[in-house]
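If you read the sequence shown in this note's numbering, its first letter stands for residue 30, the second for the next number, and so on.
Every residue gets a Cβ at the ideal spot worked out from N, C-alpha and C, and that includes glycine.
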Amino acid sequence: MKTDIEIAREIELKDIDEICNDLEVENYDKYGKYKAKLDLSYADKKKEGSKLILVTATNPTPSGEGKTTMNIGLSMALNRIGQKAISVLREPSLGPSFGRKGGAAGGGYSQVLPMDEINLHFTGDFHAITTSVNLVAAMLDNHIYQGNEKNIDPKQIIWRRCVDLNDRALRNIVIGLGNKTDSVTREDKFDITVATEMMAVLCLATSMQDFKEKVGKMIVAYDYSNNPVTVDDIQATGSVAVIMKEALKANLVQTTENTPAIIHGGPFANIAHGCNSLIATKTALGIADYVVTEAGFGADLGAEKFNDIKCRLGGLKTDATVIVTSIRSLKYHAGMPIDMLASENLDYLEKGFKNLQIHIENMKKFGNNIIVAINKFATDTEKEIKLVQELTEKLGVKAIETTVFTDGSEGGVELANQLVELCEKDNEFKYLYDERLSTKEKIETIAKEIYRAKKVVYTKKAEKEITRIEGLGYKDLPICVAKTPYSLSDDPKKNMTVDDYEITIRDVRVNAGAGFIVAYTDNILTMPGLPKVPNAYQIDLDEDGEIVGLF
30 MKTDIEIARE
40 IELKDIDEIC
50 NDLEVENYDK
60 YGKYKAKLDL
70 SYADKKKEGS
80 KLILVTATNP
90 TPSGEGKTTM
100 NIGLSMALNR
110 IGQKAISVLR
120 EPSLGPSFGR
130 KGGAAGGGYS
140 QVLPMDEINL
150 HFTGDFHAIT
160 TSVNLVAAML
170 DNHIYQGNEK
180 NIDPKQIIWR
190 RCVDLNDRAL
200 RNIVIGLGNK
210 TDSVTREDKF
220 DITVATEMMA
230 VLCLATSMQD
240 FKEKVGKMIV
250 AYDYSNNPVT
260 VDDIQATGSV
270 AVIMKEALKA
280 NLVQTTENTP
290 AIIHGGPFAN
300 IAHGCNSLIA
310 TKTALGIADY
320 VVTEAGFGAD
330 LGAEKFNDIK
340 CRLGGLKTDA
350 TVIVTSIRSL
360 KYHAGMPIDM
370 LASENLDYLE
380 KGFKNLQIHI
390 ENMKKFGNNI
400 IVAINKFATD
410 TEKEIKLVQE
420 LTEKLGVKAI
430 ETTVFTDGSE
440 GGVELANQLV
450 ELCEKDNEFK
460 YLYDERLSTK
470 EKIETIAKEI
480 YRAKKVVYTK
490 KAEKEITRIE
500 GLGYKDLPIC
510 VAKTPYSLSD
520 DPKKNMTVDD
530 YEITIRDVRV
540 NAGAGFIVAY
550 TDNILTMPGL
560 PKVPNAYQID
570 LDEDGEIVGL
580 F
């Protein structure tokens, strides 16, 4: 089969004007011939009867199992059967694009295009976020240097600089070295852009005014009396709003079959809340009948946060949830060596089915309408597909074989038909917990109900921060747990849940602007590092100026 980029270059794209015309969208700004920024006004009104579909997944292998590809293929399949559907996705980060995992524009014959531009600079949203974060950092350090009117304690600065790359050397640094005029010397840290609160605020804002209010509330440091100092306090809010003026608008592109796709925002689900922007989702709900969205990594991370954070803060309710799985991922979670996943093994598959079973049980805690999409790989056998379908059926859920990677929309027609039928039923959407519970009660509800942990252990630092956060009045906020995506537990090496395991919370931070509390598990990093052989080694321009080695 051809590579993703070879397939992408063979597709005849429509001018974005034509895509906008099909959607009956008039207020937009073109970014070249195939991209557009949609006016913020489209996020103000939901179309009557529009359905919101969440695509999530079982825990992936290190290569991922095709959740984004399924999202795109399903949106195309819904259009194929006569529905007006739109795909809504996150923007890819340059970190994984040049690192190990690769981009996030789908694959095969279910991609969003132009995939090379989407995976690289796109419309500059991430650059704007990076600049905004670093502007706040510069103004914060300048405030201290120029007299420190707010009495900021340099030992309690929590605002970090950022870059949208994997760079482990920036995890812990010292700034302000040199002359007296080179600012105050202190320790600092960098986050990857997608882990910043600025990214979260972009994705949870509903308008420019709402964005400015959220930005102004973000805590940058604490003073010597342990009072929070905010972005408003250092007078950075207005400048950030100017930088982010265009980035706040959702981006419109198209799929390999010219189905419209909105791509906007991109927090990672293992270190942030993992969902595209509320503006993008609400815009889609205003112009389409079926909105197919997604949340990062497995359902234990992305789907839980989508429901408990994004839906709660944005006033959304899902109409159905699609859980993407693959034969290879289920065998992997049973402990089958990764180099053997292509061989048929029903014993490993039945054992690994526990991962899918737990995700199904978990998603039933949020709503009734659940369907499983089996992302078929060429090495899957009929016996393996049949076994998963039989085991899923016993749980009262249908499992549909799909081939959207190789066949585009045609490979997702059965899934689309079953989904339309499912959406006729009331989903009875609900949250996992009441936000009025204590911080620990909410963390422990997630850990026990979703991750199946027996106990939560807190470090002294985490205990101290929880006390401070609740003392400042931030108790009634949803929880965003930062943990590994490769296991239900906080240990990526534990493929299956084990009896009596504990989850350790090493730190807790309040994202006062975004409106949630982040609980960091014992092994999570907010600045990833490059692998020994990163994707960047293979990426280049050929003699014709075409990108090679990207995907």
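Distances from the alpha-carbon of ALA313 to those of LYS64, ILE82, ASN256 put ILE82 closest. A Cβ-Cβ separation of about 20 Å leaves SER372 out of contact with THR87 under the 8 Å criterion. PRO560 counts as exposed, since fewer than 16 other beta carbons sit within 10 angstroms of its beta carbon.
Taking C-beta atoms under 8 Å as the contact rule, LYS483 and ASP529 qualify, at a distance of about 5 Å. Ranked by Cα distance from LEU149, the options ILE110, LYS184, LEU194, ARG189 are led by LEU194. DSSP places ILE389 in no beta strand (DSSP E) but in the uninterrupted alpha helix (DSSP H) bounded by 375–392. CYS191 places its beta carbon 7 Å or farther from that of PRO296.
Excluding five sequence positions before and after GLY343, the CB atoms of its chain that fall closer than 8 Å to its own CB belong to LEU233, THR235, LEU307, THR310, LYS311, given in chain order.
The continuous stretches of beta strand (DSSP E) do not include LEU123, which lies in the alpha helix (DSSP H) extending over residues 123–127.
Per DSSP, the unbroken beta strand (DSSP E) holding LYS80 starts and ends at 80–86. Fully enclosed beta strand (DSSP E) runs of no fewer than 3 residues occupy 202–204, 215–217, 219–221 of the region 192–228, in order along the chain. The beta carbons of THR85 and PHE434 sit no closer together than 7 Å.
Annotated three-state conformation of ILE352 is strand, per DSSP. If you check the CB distance, GLY542 and MET247 come in under 7 Å.
In the DSSP assignment, GLN140 falls outside any alpha helix (DSSP H) and lies within the beta strand (DSSP E) extending over 139–142. With fewer than three CB-CB distances shorter than 8 Å, the region 313–331 does not count as touching the region 237–244. The alpha-carbon separation between VAL223 and LEU123 amounts to approximately 10 Å. DSSP places CYS509 in the uninterrupted beta strand (DSSP E) bounded by 508–511.
Shown here for MET365: same chain residues with a beta carbon closer than 6 Å to its own, the five before and five after excluded, namely TYR377 in chain order. In the structure shown, the three-state DSSP call for ASN280 is strand. Note on geometry: alpha-carbon atoms of LYS493 and ALA511 lie some 18 Å from one another. ILE414 is a Cβ neighbour of GLU430, given a cutoff of 7 Å. Taking every protein chain shown into account, the CB of VAL537 has 16 or more other CB atoms within 10 angstroms, so this residue is buried. The three-state reading of DSSP puts ARG189 in coil, since its state is none of H, G, I, E or B. The region 536–575 contains, as complete beta strand (DSSP E) runs of 3+ residues, the segments 545–550 (chain order).
Beyond the five residues adjoining it in sequence on each side, LYS393 comes within less than 7 Å, by CB distance, of ILE399 in the same chain, given in chain order.
Under the DSSP assignment, VAL117 falls in the beta strand (DSSP E) whose first and last residues are 114–118.
Along the region 42–114, the alpha helix (DSSP H) occurs as fully enclosed runs of 4 or more residues at 45–52, 96–109, listed in sequence order.
Selection ASP182, PHE382, THR347, VAL165 evaluated against TRP188 yields VAL165 as nearest (Cα-Cα).
Contact between the region 108–122 and the region 248–268 is absent, with fewer than three C-beta pairs closer than 8 Å.
Inclusion of THR259 and ILE40 in the CB contact set at 7 Å is not warranted, their separation being larger than that value.
When rounded, the separation of the alpha-carbon atoms in ALA134 and GLN140 is 6 Å.
Between LEU370 and TYR361, the CB-CB gap stays under 7 Å.
Assignment of ILE147 by DSSP, reduced to helix, strand and coil, places it in the helix class. Judged by DSSP secondary structure, ILE498 falls within the alpha helix (DSSP H) whose first and last residues are 489–500.
About 4 Å separates the beta carbons of SER355 and GLU94, which is inside the 8 Å limit, making them a contact pair.
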